[in-house]
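Trainee:
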Amino acid sequence: KLATAKKDEL
Amino acid sequence: MNVFRLVGDLSHLLAIIILLLKIWKTRSCAGVSGKSQILFSLVFITRYLDLFTNFISVYNSVMKIIYLVTSLGTVYLMYFKFKATYDSNHDTFRIEFLVVPVGGLSFLVNHDFTPLEILWTFSIYLESVAILPQLFMISKTGEAETITSHYLFALGSYRALYIVNWVYRYYTEGFFDLIAIVAGCVQTILYCDFFYLYITKVLKGKQLKLPA
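Protein chains in written order, with this note's numbering: chain Y, 220 to 229; chain Z, 462 to 673.
#1: Between Z/I517 and chain Y, is there a C-beta pair that is closer than 8 Å?
#2: Using 8 Å as the limit for Cβ to Cβ distance, is Z/D511 near chain Y?
#3: Compare the beta carbon distance of Z/L616 and Z/A491 with 8 Å and say whether it is the shorter of the two.
#4: Which two residues bound the contiguous alpha helix (DSSP H) that contains Z/H611?
#5: In whole angstroms, what is the alpha-carbon distance linking Z/F655 and Z/C646?
#6: Quick one: Cα of Z/L512 to Cα of Z/I650, how far?
#7: What does the Cβ neighbour count give for Z/D552, buried or exposed, with the cut at 16 atoms within 10 Å?
#8: Any Cβ of chain Y within less than 8 Å of the Cβ of Z/K525?
#9: Determine the DSSP secondary structure at Z/K670, reduced to helix, strand or coil.
#10: Under a three-way DSSP split, which group does Z/E604 fall into?
#11: For Z/Y528, return the contacting residues in chain Y, with the cut-off set at a CB-CB distance below 8 Å.
#12: Under a CB-based cut-off of 8 Å, is Y/K220 close to chain Z?
#13: Of all the options Z/I484, Z/V523, Z/N515, Z/Y537, which has the alpha carbon lying nearest to the alpha carbon of Z/S502?
#14: Run through chain Y and tell me which residues come within less than 8 Å of Z/D548, C-beta to C-beta.
#15: Going by C-alpha to C-alpha distance, which of Z/T633, Z/S589, Z/A644 sits closest to Z/M462?
#16: Apply the 10 Å Cβ neighbour rule to Z/G603 and answer buried if 16 or more other Cβ atoms are within range, or exposed otherwise.
#17: With H, G and I counted as helix, E and B as strand and the rest as coil, what does DSSP make of Z/V468?
#18: Run through DSSP, which three-state label would Z/F637 get?
#19: State the start and end residues of the unbroken alpha helix (DSSP H) segment that holds Z/Y520.
#20: Going along chain Y in order, which residues have a C-beta closer than 8 Å to the C-beta of Z/N521?
#21: Using the C-alpha atoms, what's the distance from Z/G635 back to Z/T546?
Right, here's the structure in full:
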């Protein structure tokens, strides 16, 4: 799973 | 959210506060690279544009705002309030040598060719090298004040803790973001030499001085 849309990191 | 990520964020916040307090209490920004501080502000501005488009959590939004305000505050103190104490003679790193290649790379290697995504990628790449003017300044003067070295240690630890967080997230959630991981590793590697000096000198009560 490559997550880019939801960036929950700072 | 896991403990590595949380401690990483707090370490990042601690670094920014240490620097602000050092400048405020001593009424001086001697030994601090204004160029690195400008780059960090640029990192936060380009990364946190999603404050207006994408709500994630109260924690996320509040931290973003704190990072933005404190980093802009540091730049303000350095270039306006305490400008007379700014050591510009030693802060001679050419930031266009970082901003231009990083800008080019963020257009070429990104997850999605959209303005916000390119700016986010730019901020990730730029953050990884934004400390170079500060390290260059220390290598020029050959020393750093102890408080400045605490700042650098907290700032370097933050991305190292994020790497542990990414390993943890990969195994627990299957989450990974290659751009952030590669840039985060580059960023942490740049601090290794400093970490060595910090542990062998500053933690033993000595000032950070480079060998002549």
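The beta-carbon is built from N, C-alpha and C at its ideal position, and this holds for glycine as well.
Mentor: The short version:
#1: yes
#2: yes
#3: no
#4: 607 to 634
#5: 15 Å
#6: 30 Å
#7: buried
#8: yes
#9: strand
#10: strand
#11: L229
#12: Annotation note: pLDDT 41 at Y/K220 (below 50); position unreliable, no value reported.
#13: Z/Y537
#14: In chain order: nothing, as chain Y lies at least about 30 Å away.
#15: Z/T633
#16: exposed
#17: helix
#18: strand
#19: 519 to 537
#20: D227, L229
#21: 48 Å
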